[in-house]
Amino acid sequence: MDANKVQIFDTTLRDGEQVPGCKIDAKQKLVIAERLDLLGVDIIEAGFPVSSPGDFTSVNEIAKLVKNATVCGLTRAVEKDIEVAAKALKPAVRGRIHTGIGTSESHIKYKFKTTREEVIRRAKKAVSYAKNFVDDVEFYAEDAGRTENEFLAKVCEEAIKSGATVLNIPDTTGYCLPEEYSAKIKFLKENVKGIDSVILSCHCHNDLGLATANSIAGAIAGARQIECTINGIGERAGNTALEEVVMILKQHPYLNLQTDINTKLLYDTSLMVREKMGMPVQPNKAIVGANAFAHSSGIHQDGVIKNRETYEIMNPEDVGVTESAIVLTARSGRAALAYRAKKIGYELTKIQLDKAYQTFLQFADKQKEVIDDDIHVIMKQVSRISKIAIA
Ligand code: KIV
Ligand code: ZN
C-alpha cells in the first residue's frame, strides 16, 4: 500500500446510526452502503451484527452487495459476538472483524470491575478468536484517549502478537487535545514492537469539537486510517466528519497524505444521508452546510465576484456544489445586486444600478433575503423610470 495513503473507514452505518433520532431501515442502509462504495471509502463499518437480528441482516446484505470496499462488523471481546459477526460477513469479498475492549482506568474499574491483566487476556483471546474467521482483524482499545500510554502500548503489542492487522486508538469521549492525541500515536509508533506491520487508526469523537483536528493530528503523527461518518453524525456530539478530513488532506497537499475519495460526490452523499437518516445538517457545517459557499456581506461579495479565491479556500465544484452563492441581504452592495441581476438577464448601466439599489434596500430592510423573484419586481419598478436591457 502507498505509504502516504490514508484509508477512510466509514462508520456512518454503525457509530453514526447510534445517534438519537436517527431513522433508517435496512433497505435505506443498502442504498447508503452502495453510495459509500461509489464515493471510494476503503472500509464500510456496516453495523454491530450481534446487537439485533435487523443489524445482522443489514450487515449480511451489505456484505453481499459491496464489491470494492472492505465490509466490517463490530463486536465486543466476546466469542458469541465474533461468531455472529463472522457469519454476517461471510459473503463479503473483503471482510473485517472489529473487536476490542475498554482500556482506560475508568473502563477497567467501573465497566468491567476487573484488572489490567484480565483486559489484556480478553483482548488477546478476542483477536485470536476472530482470526479463525477472517485474516483482517481490527482491534480497538476503547477510551484509548484516556488510557495511560505505557499500558496502551502493552495492549497494542499483545493485539499485534495475536494477529491484529489494524489498531484502532479511539478517543471515545472526545477528551484529547490534538497535541495529546498526536503524542499518543507517536508514542505507540516508537514503543510498540511490530507496529510497522499494522495500520494505526484514528477514531475521534467530537465532544469538545476537536474530532477532526485530532484525526488530522493522528494522521500527521503516522496513523494511516481515519474512522469517520458523513456529516459527522454519531454518539453525543458525533464523530469525525468524513468530508472534513478528506478536504483538509486535499487542500493541504504539502502534508503529502492522500485518500481515494471522489470528492465531487461529497455534497450529494451528505444530502442522501440527511434524507435517509432524518438527520438535518446545520447551515454553517463545514464543506456541506447550506452556507458553506454562500456569501452575504457586501465586502465579501465584492471580493468573490472579482475573484472567488479572495474568500474561498476551495472550489465548490470539487465537493459537488455547483457554484458559490451570492445571497442578497441589506448587507449586500451594488456589485452583488448587479451580479445577481445579470445572472437572471438584466444588464444595468451605472445610473440604473444606483436606482435599482435604492429600491433593493427597501426590499432588503423589509425581508431577510432578496430572491430572484424580488429582483424581477425591482427591475420592473426601475424600468418604468429608465429602460433596462435584458442581457
Ligand atoms: O468510540 C469508540 O470507542 C467506538 C469503539 C466501539 C470503536 O466506537
Ligand atoms: Zn465511536
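Per our numbering, the very first residue in the sequence shown carries number 1; after that it's consecutive. Heads up, the beta-carbon is just placed ideally off N, CA and C, and yes, glycines get one too. This structure is a prediction, so every number in the text was calculated from the model and none was measured.
If you count every other CB in all the chains shown that lies within 10 Å of the CB of residue i, and 16 or more means buried, which is it?
| i | result |
| --- | --- |
| D401 | Residue 401 lies beyond the residue range present for the chain, which begins at 1 and ends at 391; the question has no answer from this structure. |
| H252 | exposed |
| I24 | buried |
| R392 | Outside the displayed span of the chain (1 to 391) sits residue 392, for which this structure offers no information. |
| D171 | buried |
| R384 | exposed |
| S201 | buried |
| T115 | exposed |
| V393 | The requested residue 393 does not occur in the structure, where the chain is confined to residues 1 to 391. |
| V31 | exposed |
| Q282 | exposed |
| I169 | buried |
| T310 | exposed |
| E179 | exposed |
| D365 | exposed |
| I299 | exposed |
| Y357 | buried |
Helix, strand or coil for residue i, going by three-state DSSP, please let me know.
| i | result |
| --- | --- |
| Q28 | helix |
| N168 | strand |
| I199 | strand |
| I371 | coil |
| L337 | helix |
| R35 | helix |
| A159 | helix |
| Q225 | strand |
| E179 | helix |
| T70 | strand |
| A241 | strand |
| L208 | coil |
| E190 | helix |
| I344 | coil |
| E323 | coil |
| H252 | coil |
| A46 | strand |
| D268 | helix |
| I313 | coil |
To the nearest angstrom, report how far apart residue i and residue j are at their CA atoms.
| i | j | result |
| --- | --- | --- |
| V66 | Q301 | 44 Å |
| L462 | T173 | Absent from the model: residue 462. The displayed extent of the chain is 1 to 391, so no value can be given. |
| L266 | G232 | 13 Å |
| T57 | Q7 | 26 Å |
| E17 | H203 | 15 Å |
| L284 | A294 | The amino acid occupying residue 284 in the given sequence is Asn; Leu does not appear at that position. Spanning the two alpha carbons is a distance of roughly 10 Å. |
| R274 | C228 | 16 Å |
| F48 | A183 | 30 Å |
| K350 | A292 | 31 Å |
| R224 | G54 | 32 Å |
| S297 | K368 | 13 Å |
| V41 | V377 | 48 Å |
| D2 | Q258 | 9 Å |
| Q352 | A335 | 13 Å |
| Y110 | T103 | 11 Å |
| V395 | G73 | Nothing about residue 395 can be read from this structure; the chain reaches only from 1 to 391. |
| S162 | I120 | 11 Å |
| L249 | L177 | 19 Å |
| G289 | Y129 | 43 Å |
| K5 | V198 | 14 Å |
| A217 | T70 | 25 Å |
| R308 | P316 | 10 Å |
| L348 | V382 | 11 Å |
Would you call the CB atoms of residue i and residue j closer than 8 Å?
| i | j | result |
| --- | --- | --- |
| T263 | V321 | no |
| G100 | Y140 | yes |
| T75 | A85 | yes |
| A123 | A159 | yes |
| I287 | E323 | no |
| H107 | D143 | yes |
| L393 | I44 | One cannot answer for residue 393 here, as it falls past the ends of the chain, which runs 1 to 391. |
| A330 | L361 | yes |
| F112 | A153 | no |
| C156 | V134 | no |
| Y339 | M379 | no |
| I230 | T269 | yes |
| I344 | I375 | yes |
| Y181 | N214 | yes |
| C22 | M272 | no |
What residues match up with residue i in a beta bridge as DSSP calls it?
| i | result |
| --- | --- |
| D260 | The partner list for D260 (beta bridge, DSSP) is empty, contrary to what the question assumes. |
| I351 | Bridge partners of I351: none, in fact. |
| I101 | A141 |
| K5 | Q258 |
| G95 | V71 |
| L328 | V370 |
| A294 | A325 |
| D10 | I44, C228 |
| D136 | R96 |
Can you tell me whether residue i sits near the ligand COA, meaning its C-beta is under 7 Å from at least one heavy atom of the ligand?
| i | result |
| --- | --- |
| T12 | Summarising the ligand content, the structure contains the ligand KIV and the ligand ZN and does not contain the ligand COA. |
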